[in-house]
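Some notes on the structure that comes next.
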Amino acid sequence: MESEIRNRRRPMAEINVVPYIDVMLVLLVIFMITAPLLNLGVEVDLPEANAEPLPLNEQETPVIVTVTNEGLLYLNAAGDKSSLVDAESLVKQLSAFVRRNPELQVLVGGDKTVDYGLIYNAMVLLQEAGVTKVGLMSDPLESSS
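Under our numbering, the first residue of the sequence shown carries the number -5, and numbering increases by one thereafter.
This is the structure in C-alpha coordinates:
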(Lines of atoms letter the chains of each structure in order from A and count residues from 1; the text may use other names and numbers.)
(Lines give C-alpha, C1' and ligand atoms only; values in the text may rest on other atoms or scores of the structure.)
Protein backbone atom coordinates (compact mmCIF):
# COMPACT_ATOMS: atom_id res chain seq x y z
CA MET A 1 0.00 0.00 0.00
CA GLU A 2 2.83 2.35 0.84
CA SER A 3 4.46 1.77 -2.52
CA GLU A 4 1.19 2.71 -4.23
CA ILE A 5 1.16 6.10 -2.51
CA ARG A 6 4.77 6.75 -3.48
CA ASN A 7 4.12 5.87 -7.11
CA ARG A 8 1.20 8.24 -7.33
CA ARG A 9 2.67 11.61 -8.25
CA ARG A 10 1.09 14.97 -8.10
CA PRO A 11 0.73 16.83 -11.39
CA MET A 12 3.28 19.62 -11.83
CA ALA A 13 1.75 23.07 -11.72
CA GLU A 14 4.80 24.91 -13.04
CA ILE A 15 5.16 26.54 -16.45
CA ASN A 16 8.27 25.75 -18.43
CA VAL A 17 9.62 29.22 -19.38
CA VAL A 18 12.70 28.04 -21.28
CA PRO A 19 10.98 28.15 -24.72
CA TYR A 20 9.73 31.68 -23.99
CA ILE A 21 13.25 32.81 -23.09
CA ASP A 22 14.56 31.30 -26.34
CA VAL A 23 11.97 33.19 -28.38
CA MET A 24 12.74 36.41 -26.51
CA LEU A 25 16.46 36.08 -27.17
CA VAL A 26 15.88 35.43 -30.88
CA LEU A 27 13.68 38.54 -31.09
CA LEU A 28 16.31 40.55 -29.22
CA VAL A 29 18.99 39.51 -31.70
CA ILE A 30 16.72 40.39 -34.63
CA PHE A 31 16.02 43.86 -33.23
CA MET A 32 19.68 44.46 -32.45
CA ILE A 33 20.61 43.65 -36.03
CA THR A 34 17.84 45.65 -37.72
CA ALA A 35 17.87 48.77 -35.50
CA PRO A 36 21.08 50.26 -36.96
CA LEU A 37 19.76 49.61 -40.46
CA LEU A 38 16.74 51.85 -39.94
CA ASN A 39 17.33 55.21 -41.55
CA LEU A 40 15.64 58.06 -39.72
CA GLY A 41 16.55 60.69 -42.28
CA VAL A 42 16.69 61.21 -45.97
CA GLU A 43 20.01 60.46 -47.64
CA VAL A 44 21.43 63.64 -49.16
CA ASP A 45 24.97 64.65 -49.98
CA LEU A 46 25.32 67.82 -47.89
CA PRO A 47 27.76 70.50 -49.00
CA GLU A 48 30.97 70.82 -47.02
CA ALA A 49 31.76 74.08 -45.23
CA ASN A 50 34.11 75.35 -42.54
CA ALA A 51 31.32 76.95 -40.51
CA GLU A 52 30.82 77.01 -36.76
CA PRO A 53 27.89 74.86 -35.60
CA LEU A 54 24.82 76.68 -34.33
CA PRO A 55 24.20 76.53 -30.60
CA LEU A 56 21.30 74.11 -30.20
CA ASN A 57 18.85 73.97 -27.34
CA GLU A 58 19.75 70.80 -25.44
CA GLN A 59 16.17 70.11 -24.29
CA GLU A 60 14.79 70.05 -27.82
CA THR A 61 15.82 68.37 -31.01
CA PRO A 62 15.60 70.73 -33.96
CA VAL A 63 13.11 70.21 -36.74
CA ILE A 64 14.84 69.26 -39.99
CA VAL A 65 13.47 70.04 -43.44
CA THR A 66 15.28 68.19 -46.22
CA VAL A 67 15.10 69.14 -49.91
CA THR A 68 15.96 66.45 -52.46
CA ASN A 69 17.23 66.86 -56.03
CA GLU A 70 13.70 66.29 -57.31
CA GLY A 71 12.34 69.13 -55.17
CA LEU A 72 10.64 66.82 -52.66
CA LEU A 73 10.34 68.05 -49.08
CA TYR A 74 10.85 65.80 -46.07
CA LEU A 75 10.02 66.81 -42.51
CA ASN A 76 11.80 65.27 -39.53
CA ALA A 77 10.24 66.55 -36.32
CA ALA A 78 11.31 65.52 -32.82
CA GLY A 79 13.67 62.83 -34.06
CA ASP A 80 10.94 60.80 -35.76
CA LYS A 81 11.40 59.21 -39.13
CA SER A 82 11.42 61.72 -42.00
CA SER A 83 8.10 61.94 -43.77
CA LEU A 84 7.40 63.21 -47.26
CA VAL A 85 5.27 66.38 -47.15
CA ASP A 86 3.93 68.82 -49.68
CA ALA A 87 4.36 72.58 -49.30
CA GLU A 88 0.91 73.18 -47.80
CA SER A 89 1.19 70.49 -45.12
CA LEU A 90 4.74 71.61 -44.30
CA VAL A 91 3.47 75.11 -43.56
CA LYS A 92 0.54 73.76 -41.50
CA GLN A 93 2.68 71.42 -39.42
CA LEU A 94 5.42 73.97 -38.79
CA SER A 95 2.83 76.62 -37.90
CA ALA A 96 1.48 74.27 -35.24
CA PHE A 97 5.00 73.68 -33.90
CA VAL A 98 5.71 77.43 -33.82
CA ARG A 99 2.46 78.12 -31.94
CA ARG A 100 3.61 75.68 -29.25
CA ASN A 101 7.21 76.94 -29.26
CA PRO A 102 7.94 80.34 -30.82
CA GLU A 103 11.71 79.74 -30.39
CA LEU A 104 11.64 76.62 -32.56
CA GLN A 105 14.86 75.96 -34.48
CA VAL A 106 14.52 74.57 -38.00
CA LEU A 107 17.46 73.25 -39.99
CA VAL A 108 17.30 73.05 -43.78
CA GLY A 109 19.37 70.39 -45.48
CA GLY A 110 19.75 69.80 -49.16
CA ASP A 111 21.99 67.89 -51.51
CA LYS A 112 24.89 70.00 -52.77
CA THR A 113 23.60 69.60 -56.30
CA VAL A 114 20.09 70.88 -55.48
CA ASP A 115 19.02 73.98 -57.36
CA TYR A 116 19.29 77.06 -55.14
CA GLY A 117 15.72 77.97 -56.04
CA LEU A 118 14.41 74.83 -54.34
CA ILE A 119 16.25 75.66 -51.11
CA TYR A 120 14.99 79.24 -51.34
CA ASN A 121 11.40 78.04 -51.81
CA ALA A 122 11.73 75.84 -48.72
CA MET A 123 12.94 78.83 -46.71
CA VAL A 124 9.99 80.90 -47.96
CA LEU A 125 7.66 78.16 -46.70
CA LEU A 126 9.39 78.32 -43.31
CA GLN A 127 8.85 82.07 -43.25
CA GLU A 128 5.15 81.58 -44.06
CA ALA A 129 4.91 79.17 -41.13
CA GLY A 130 6.35 81.81 -38.78
CA VAL A 131 9.71 80.17 -38.14
CA THR A 132 12.26 82.75 -36.99
CA LYS A 133 15.31 80.56 -36.31
CA VAL A 134 16.55 78.84 -39.47
CA GLY A 135 19.91 77.23 -40.09
CA LEU A 136 21.45 75.51 -43.09
CA MET A 137 22.99 72.07 -42.65
CA SER A 138 26.40 71.12 -43.99
CA ASP A 139 29.08 68.52 -43.43
CA PRO A 140 32.43 69.64 -41.95
CA LEU A 141 35.28 70.15 -44.39
CA GLU A 142 37.59 67.18 -44.78
CA SER A 143 41.03 68.17 -43.56
CA SER A 144 43.80 67.13 -45.97
CA SER A 145 46.40 66.67 -43.22
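Built from N, CA and C at the ideal position, the CB exists for glycine as well.
Could you name the residues of the same chain whose beta carbon sits closer than 6 Å to that of residue i, not counting the 5 residues immediately before and after it, in chain order?
i     : result
Val79 : Leu67, Leu69
Val23 : none
Which value, in whole angstroms, describes the spacing of the CA atoms of residue i and residue j?
i      : j      : result
Ile58  : Val128 : 10 Å
Ser139 : Leu130 : Low confidence applies to Ser139: its pLDDT is 46, below 50, so where it sits in the model is not reliable enough to give any reading.
Leu119 : Ala29  : 33 Å
Asp133 : Gly104 : 11 Å
Arg3   : Tyr14  : 26 Å
Ala90  : Glu82  : 13 Å
Val12  : Phe25  : 20 Å
Leu88  : Glu136 : 33 Å
Gln121 : Ile27  : 41 Å
Asp74  : Pro5   : 51 Å
Gly111 : Thr60  : 14 Å
Arg94  : Ala123 : 12 Å
From the DSSP output, read off the bridge partner residues of residue i.
i      : result
Ile58  : Asn70, Leu101
Asp109 : For Asp109, which the question treats as bridged, DSSP gives no partner whatsoever.
Is the distance from the Cβ of residue i to the Cβ of residue j below 9 Å?
i      : j      : result
Gly65  : Asp109 : yes
Val92  : Leu84  : no
Pro56  : Leu19  : no
Thr126 : Asn63  : no
Excluding the 5 residues flanking residue i on each side, which residues of the same chain have their C-beta closer than 7 Å to its C-beta?
i      : result
Ala116 : Val59, Val61, Leu67, Val102
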